[in-house]
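For reference, the structure is listed below as structure tokens.
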Ligand SMILES: Nc1ncnc2c1ncn2[C@@H]1O[C@H](COP(=O)(O)OP(=O)(O)O)[C@@H](O)[C@H]1O
Ligand SMILES: [Mg+2]
């Protein structure tokens with residue numbers, strides 16, 4: 001393992017290049033990757049852009065624990081890196097995120113028989129999209145659940161809004177992304193407001209996320225206000 005190249009470090013996992021074709025994703029805290037692997041395989045079967053998985057039972061595989069996942073090695077920057085480098089605009093990122101959410105929610109739920117339930121990513125933001133030559137691919141399925149699509153929209157919106165209300169170089173791009181993304185949501189999706197509905201649920205989930213810094217938790221209320229403001233524009 002020591003000889004493997006560390007390709008990426010996220011908040012919960014480290015990703016190592018095994019060779020030109022495969023990477024190993026390993027939860028630092030020993031989290032369980034088995035459930036997300038099943039969902040990733042299901043989504044790939046439905047044509048959704050997720051990295052292909054290598055079966056963990058493959059002979060000689062380094063991945064031997066449940067916190068490991070071996071998947072296709074993707075090339076290209078993350079959407080966040082591309083934004084940072086000026087390779088894409090905030091608006092283009094928002095358009096892409098909206099398309100990825102809509103495409104995901106067009107796939108029937110894997111487990112639920114409830115027609116209103118779908119597979120939700122619940123952490124779909126520019127760090128978790130890689131812009132490969134074949135198009136955007138969605139990574140980091142650790143939060144995956146089935147539920148109402150509005151919750152997924154609210155989570156993505158709140159994450160962008162947290163960046164947008166935090167002073168810094170990424171703020172204005174995040175705001176442009178948020179606006180463009182929400183403009184393209186399905187209008188039957190009502191995000192609610194600070195007190196009720198999907199936005200309020202998303203706020204609770206973000207506040208309870210142990211990976212968030214106190215600064216990030218500190219801007220949640222302003223981020224909720226911004227999402228309400230953006231969704232309110234053009235309403236009625
Ligand atoms: N299939 C992949 N191919 C190449 N790099 C990857 C791949 N999956 C993840 N990475 C890199 O590893 C980083 C962390 O992966 P991610 O799944 O987002 O972990 P975390 O849950 O810790 O955020 C990503 O931001 C990306 O740079
Ligand atoms: Mg990530």
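Numbering (my numbering), first residue to last: 1 to 236.
Just so you know, even glycine gets a beta-carbon here, dropped at the ideal spot from N, CA and C.
Checklist line | Those residues, in chain order, that have a beta-carbon closer than 7 angstroms to some heavy atom of ligand 1 | finding: My final list is 7, 8, 9, 10, 11, 12, 13, 15, 23, 25, 51, 71, 72, 73, 74, 78, 127, 128, 130, 139, 140 and 142.
Checklist line | residue 22 in three-state terms, based on DSSP | finding: Three-state DSSP puts residue 22 in a strand.
Check: If we count the other Cβ atoms within 10 Å of its Cβ and call it buried at 16 or more, is residue 211 buried or exposed?
Finding: exposed
Checklist line | Burial state of residue 49 (16 or more Cβ within 10 Å) | finding: buried
Note to self: Along the chain, where does the beta strand (DSSP E) containing residue 13 start, and where does it finish?
What the structure shows: 13-17 is the span of the beta strand (DSSP E), which, as asked, contains residue 13.
Next item on the list: Report the three-state DSSP secondary structure of residue 224 (helix, strand or coil).
Entry: Residue 224: helix per DSSP, three-state reduction.
Note to self: When you compare the CB positions of residue 67 and residue 27, do they come within less than 8 angstroms of one another, or not?
What the structure shows: The Cβ atoms of residue 67 and residue 27 sit closer than 8 angstroms to each other.
Notebook entry, point to check: Taking the DSSP output, what are the residues bridged to residue 68?
Noted result: 26
Next item on the list: Tell me whether the beta-carbon of residue 177 lies closer than 8 angstroms to the beta-carbon of residue 99.
Entry: no
Next item on the list: Could you have a look at residue 132 and say whether DSSP puts it in helix, strand or coil?
Entry: strand
Next item on the list: Check whether the stretch 135-153 touches the stretch 105-122, taking contact to mean three or more Cβ pairs, one atom from each stretch, closer than 8 angstroms.
Entry: yes
Item checked: Own chain partners of residue 17 with C-beta closer than 7 angstroms, once the 5 adjacent residues on each side are dropped -> So the list reads 4, 5, 7, 23 and 73, once near-sequence residues are dropped.
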